[in-house]
Amino acid sequence: MQRLLLLSLLLVGLRPSSSQTNSQDVAALQALMKNWQNVPQNWTGTTDPCTSWDGISCSSGRVTKVKLPSMNLQGTVSSAIDQLAALTYLDLSNNPNLGGPLTPNIGKLKQLTTLNLQGCSFTGNIPKEIGNLTQLTFLALNSNNFTGGIPPTLGHLSNLFLLDLTANQLSGQIPVSTSSTPGLDQLVSTKHFHFGENQLIGPISESLFNDNMTLIHVYFQNNKFTGPIPESLGLVQTLEMILLDKNQFSGLVPKSIGNLGNLMELNLASNLLSGTVPDLSNATQLNYLDLSNNNFASSPAPGWFSTLTSLNTLLMDNDGLTGTIPSALFSLPQLQQVSLADNTLKGTLSMRSNISPLLRVVNLTNNQIIEANVDPGYNISLILTGNPICLDDTSICKPKQQQQGVLGQCGAVPCPHNQSAYPATSQNSASTRSSQSQGSMIFMVLIMHSLFF
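Numbered by mature numbering (1 follows the signal peptide of the UniProt record, and there is no 0), the letters in the sequence shown go through residues -19 to -1, 1 to 434 in order.
Quick look at the structure:
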């Protein structure tokens, strides 16, 4: 038995710890290294990449992962990258001095499942050849300087989970499929369309969305979209967040959006939407709603406010609201922020009993409120500037605590589990808040890919 044990140990000792890197892959990595400054110190010509280079993972001598985020890399991506034929994972994110045109040869990496180039300085068109990467599940090209249109070939990426093109200089319309060309309407398995902060134009085709889709995020904020919001958007029953703010959408808000039972965040602010304020009484999961600064017809404050029991933020500045404010609004159990400024709300403000214990800010600036029935022990920032009541009762027009103080409460110490760390107003929109959550979400998805792919 002892002899067998010694023989086994000897054989283990003679077995090589790992195979040497494939010569083709070595040449490709050396080409990348030649184009880059600030590569890891152990990237040298005298060492084997698979055994000693930081950021490199291998299987059977083939490079499968290149992970070099936030390394201060400078330069361009060599066209020789296509020689890494076994590569499944490429992360060069958050290297702001890495840029130039992205080589079309990236589209030859047929095994790639993750391509993360966010936070770099790539320029020119997004290579249409990326549409050849049919194994891709994660595509993050956000926060670069890409120009031109969204390649229709991305519609071939049937396994895609996340498509993030946020914060570039992309223009043109969102491509949809025809009898001869692909389009993004074919991405029925994709969960995230993040196209905000570009120069995309509309109108958006009704055929972009369909009831086979499983999207949870549609982020189209801060573009140049025009025309109506597609009625077909309401067919995507899985939607949880819709950001269409800071565009030029016009016409009526589709009634179908009000029937999205999973919708948690809806931001249609700063558009040219008209008609009456949409009925959202069936969107019972909503926790954030911003309809501010549109062209809605004058109408009483909606009675469906009271059905949104998950609501924590309501922003409806400059929306043509008239009449009195429903007192039930302030009793919603999760409510933290309300801003109904620049409307013609009038009469008596009633905030006497059953006020949400989480309520922190109520902004009613520039309305026609003449009287307030408010519990003197309230602990919120109540802003009534520009109302007739402030001509007679100046005491109630002095907020007990400024909004900045509310924000500061969560800056120094962790917030309670049921209180937002980023309470929003129309000046601090969902776009900003969602970009924070978007970054966290991308980070978590990357961790999952790193562990399991």
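For each residue, glycine too, the CB sits at the ideal point set by N, CA and C.
Look up residue i in the DSSP assignment and give the residues it is bridged to.
| i | result |
| --- | --- |
| Trp17 | Gly56 |
| Leu292 | BP columns for Leu292 are empty, so no partner. |
| Ile223 | Val199 and Leu247 |
| His175 | Asp145 and Tyr200 |
| Leu151 | Gly129 |
| Lys205 | Ile182 |
| Gln229 | Thr207 |
| Gly105 | Phe127 |
| Thr94 | Bridge partners of Thr94: none, in fact. |
| Ser280 | Leu302 |
| Asp271 | Asn248 and Leu296 |
| Leu165 | Paired residues: none, contrary to the question. |
If you check the beta carbons only, do residue i and residue j fall under 8 angstroms apart?
| i | j | result |
| --- | --- | --- |
| Leu220 | Asn204 | no |
| Gln317 | Asn293 | yes |
| Met245 | Asn263 | no |
| Ser213 | Phe190 | yes |
| Ser59 | Leu13 | yes |
| Phe230 | Phe206 | yes |
| Gly153 | Leu181 | yes |
| Thr305 | Gly284 | no |
| Asn179 | Leu225 | no |
| Trp34 | Pro21 | yes |
| residue 458 | Ser102 | Since the first residue shown for the chain is -19 and the last is 434, residue 458 is missing from the structure and cannot be characterised. |
| Ala278 | Ser251 | no |
| Val258 | Leu295 | no |
| Val342 | Ile370 | no |
| Ser337 | Leu313 | yes |
| Gln315 | Leu339 | yes |
| Asp145 | Leu65 | no |
| Ser161 | Ser139 | no |
In whole angstroms, what separates the C-alpha of residue i from that of residue j?
| i | j | result |
| --- | --- | --- |
| Leu289 | Ile238 | 15 angstroms |
| Tyr70 | Asn274 | 43 angstroms |
| Asn23 | Arg43 | 19 angstroms |
| Ala353 | Gly301 | 21 angstroms |
| Ala405 | Ile131 | At Ala405 the pLDDT is 42, less than 50, meaning the model places this residue with poor confidence; the figure from the coordinates comes in the next sentence. Roughly 31 angstroms between the two C-alpha positions. |
| Ile155 | Asn97 | 21 angstroms |
| Asn193 | Gly183 | 23 angstroms |
| Gln384 | Met52 | Summary for Gln384: the model assigns pLDDT 40, below 50, so the residue's position carries little reliability, and this model does not support an answer. |
| Ala8 | Leu241 | 52 angstroms |
| Thr128 | Ser376 | 54 angstroms |
| Ile41 | Asp72 | Checking the sequence shown, residue 41 turns out to be Ser, not Ile. Roughly 21 angstroms separates the two Cα atoms. |
| Thr195 | Gly112 | 20 angstroms |
| Pro357 | Ser124 | 48 angstroms |
| Thr325 | Thr366 | 13 angstroms |
| Gln167 | Lys227 | 27 angstroms |
| Asn86 | Ala121 | 17 angstroms |
| Ala61 | Phe142 | 27 angstroms |
| Leu270 | Trp17 | 46 angstroms |
| Pro133 | Pro108 | 11 angstroms |
| Asn3 | Ser38 | 13 angstroms |
| Gly80 | Thr57 | 5 angstroms |
| Asn126 | Pro209 | 28 angstroms |
| Gly177 | Leu247 | 14 angstroms |
| Pro211 | Asn276 | 18 angstroms |
| Phe201 | Ile223 | 8 angstroms |
| Cys378 | Phe311 | 18 angstroms |
| Thr147 | Ile185 | 17 angstroms |
| Ser74 | Gln99 | 5 angstroms |
| Asn106 | Thr32 | 36 angstroms |
| Phe119 | Thr95 | 5 angstroms |
| Asp260 | Val217 | 18 angstroms |
| Lys46 | Leu68 | 6 angstroms |
| Ser401 | Pro281 | Because Ser401 carries a pLDDT of 40, less than 50, the predicted location of this residue cannot be relied on, and no value is offered for it. |
| Asn299 | Leu253 | 12 angstroms |
| Lys172 | Thr265 | 21 angstroms |
| Asn348 | Arg333 | 20 angstroms |
| Gly232 | Gly215 | 16 angstroms |
Touch test, the region 85 to 104 against the region 20 to 38, Cβ-Cβ under 8 angstroms, three pairs minimum: Because the criterion of three Cβ pairs below 8 angstroms is not met, the region 85 to 104 and the region 20 to 38 do not touch.
Completely contained alpha helix (DSSP H) runs for the region 302 to 379, where each covers 4 or more residues: Qualifying alpha helix (DSSP H) stretches, in chain order: 370 to 373.
Ranges of the beta strand (DSSP E) found wholly within the region 107 to 135, counting only runs of at least 3: Complete beta strand (DSSP E) runs here, min 3: 119 to 121 and 126 to 129.
Residue ranges of each beta strand (DSSP E) within the region 34 to 88, 3 or longer: For secondary structure counted as the beta strand (DSSP E) over 3 or more consecutive residues, the region 34 to 88 holds these complete runs in sequence order: 37 to 40, 43 to 48, 70 to 72 and 78 to 82.
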